[in-house]
Amino acid sequence: MGDMPELPEVETVKRGLDRLLPGHTVASVKFDSPKSFPNSPADVNQFLRGARVLRVRRRAKVLLIDLTSGYTLVTHLKMTGQLVFDSPKEHFGAGHPNDSLVAHLPDKSTRVTLGFEDGSSLFFNDQRKFGWMRLLPTDTVTDLPFIAKLGPEPLEPGFTWQVLRERLKRRARSNVKSALLDQTVLAGVGNIYADEALWGAKIHPSTLVGQVSARQIQRLHQELLAVLRLSIDQGGSSNHTYVDAEGNRGSYMKFANVFRRDGQPCPRCGTTIAKLRVAGRGTHICPNCQRLQAAQKI
DNA sequence: CACTTGACCTGTCCGC
DNA sequence: TGCGGACAGGTCAAGT
-17 MGDMPELPEV
-7 ETVKRGLDRL
3 LPGHTVASVK
13 FDSPKSFPNS
23 PADVNQFLRG
33 ARVLRVRRRA
43 KVLLIDLTSG
53 YTLVTHLKMT
63 GQLVFDSPKE
73 HFGAGHPNDS
83 LVAHLPDKST
93 RVTLGFEDGS
103 SLFFNDQRKF
113 GWMRLLPTDT
123 VTDLPFIAKL
133 GPEPLEPGFT
143 WQVLRERLKR
153 RARSNVKSAL
163 LDQTVLAGVG
173 NIYADEALWG
183 AKIHPSTLVG
193 QVSARQIQRL
203 HQELLAVLRL
213 SIDQGGSSNH
223 TYVDAEGNRG
233 SYMKFANVFR
243 RDGQPCPRCG
253 TTIAKLRVAG
263 RGTHICPNCQ
273 RLQAAQKI
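Shown next, in the form of structure tokens:
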């Protein structure tokens, strides 16, 4: 069962790592090449080993760990990735709630291990091996094709509802859920928060983008920001494998209105929540609150 | 070009 | 208890 990091989960990991990693110098590196870490051993020796961590950033669902070597460790967690920091001396005393998780690392899902000079470690675990970590010159990261094509960050100040309307026009003939999941339209939204925001705005996920009114786009914009912010406040969503930089699970799922709540009552009207398939993805809706107009039913 | 489908992997759950 | 198939929160390449 997957457990996937979207913007709030990656942001939570980013905040933890940015608090824990800067100042640490890489002493040793073990990596599963090329699947999870395609760089050569020569690159690792030259640009990673001996480098110190400057800062940790996030763009969309990508983590960027900047190093003093002028290189950046670019990491995508995809469906089941975790980045967990373990410093037995400094952060996890006996009886700490994360001892059980951290104590057994590395395990069979560990793809990369960075050992730091003070004895602490950063583990990149990834059960399904979809995720990757790669070392790139810091000033070329934004040239990576998929990063260059990313849409705006929804939580940046310039992201108004009018910007959302303009971005959605790129996918005018597709359904609104596919458009929200398209990272070139908008960065960071995945299956959970697309479902939650569409429920909040009372829009059926199969509605064609061109059929969504300006008023509905305003409402969708408001719901997207609210759900992303709430989830960041809760440390993200954990159904299964997601944990933050210290091995903590997130608690957003307690607040989910429809996601993985099929068969339970809609919190707004009591109608039984349904699960369907839209854009090839499991999709959760309230069939009463989120209706397709007759003309759109195909 | 816009959009949809399949592939990438492993683990788990559900029905027979 | 065993086995096959569907499915899992992401993204890209290949197809229509």
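Note that the first sequence covers residues -17 to 280 in our numbering. Don't be surprised by glycine CBs; every beta carbon is placed ideally from N, CA and C.
{"Query": "Considering only the alpha carbon of each residue, which of Cys248, Trp143, Gly229 and Ala227 lies closest to phenylalanine 237?", "Result": "Cys248"}
{"Query": "Histidine 58 lies in the beta strand (DSSP E); which residues open and close that run?", "Result": "53 to 58"}
{"Query": "On the three-state DSSP scale, how would you describe phenylalanine 98?", "Result": "strand"}
{"Query": "Please report the straight-line C-alpha distance between serine 103 and glycine -2, rounded to a whole angstrom.", "Result": "14 angstroms"}
{"Query": "Can you tell me the Cα-Cα spacing of serine 219 and lysine 17, whole angstroms?", "Result": "27 angstroms"}
{"Query": "Just to confirm before moving on: does the CB-CB distance between valine 225 and valine 38 stay below 8 angstroms?", "Result": "no"}
{"Query": "Given this structure, state the Cα-to-Cα distance separating arginine 149 from glutamine 216, to the nearest angstrom.", "Result": "28 angstroms"}
{"Query": "Is it buried or exposed for aspartate 108, if we count other Cβ within 10 angstroms and need 16 for buried?", "Result": "buried"}
{"Query": "Quick one: what does DSSP say asparagine 116 is sitting in, helix, strand or coil?", "Result": "The sequence shown places arginine at residue 116, not asparagine. DSSP places arginine 116 in strand when its eight states are reduced to three."}
{"Query": "Could you work out which residue in Ala227, Tyr53 and Glu(-7) is closest to leucine 124 when comparing CA atoms only?", "Result": "One point to set straight first is that residue 124 is threonine, not leucine, in the sequence displayed. With distances taken between Cα atoms, threonine 124 lies closest to Tyr53."}
{"Query": "Enumerate in chain order the residues of its own chain whose CB-to-CB distance from isoleucine 174 is below 7 angstroms, with the five nearest sequence positions on each side excluded.", "Result": "Glu(-12), Ser219 and Phe241"}
{"Query": "Could you tell me the distance, in whole angstroms, from the CA atom of leucine 168 to the CA atom of leucine 36?", "Result": "28 angstroms"}
{"Query": "Can you tell me the Cα-Cα spacing of aspartate 164 and valine 145, whole angstroms?", "Result": "15 angstroms"}
{"Query": "Helix, strand or coil: which one does DSSP assign to histidine 203?", "Result": "helix"}
{"Query": "Would you decide whether arginine 1 is buried or exposed? Buried here means 16 or more other CB atoms lie within 10 Å of its CB.", "Result": "exposed"}
{"Query": "CA-CA distance, glutamine 207 and leucine 49?", "Result": "Sequence inspection shows leucine at residue 207; the glutamine mentioned does not correspond to that position. Each residue's alpha carbon lies about 31 angstroms from the other."}
{"Query": "When DSSP labels each residue in this structure, what does arginine 155 get in the three-state scheme?", "Result": "coil"}
{"Query": "How many whole angstroms separate the CB atoms of isoleucine 282 and threonine 57, which I take to be in contact at a CB cut-off of 8 angstroms?", "Result": "Nothing in the structure corresponds to residue 282, since the chain is present only between -17 and 280."}
{"Query": "With a threshold of 16 other CB atoms inside 10 Å of the CB of lysine 159, please say whether the residue is buried or exposed.", "Result": "buried"}
{"Query": "Using only CA atoms, which one of Leu190, Ser188 and Ala183 lies nearest to arginine 197?", "Result": "Ala183"}
{"Query": "Consult DSSP for glycine 182 and reduce its assignment to one of helix, strand or coil.", "Result": "helix"}
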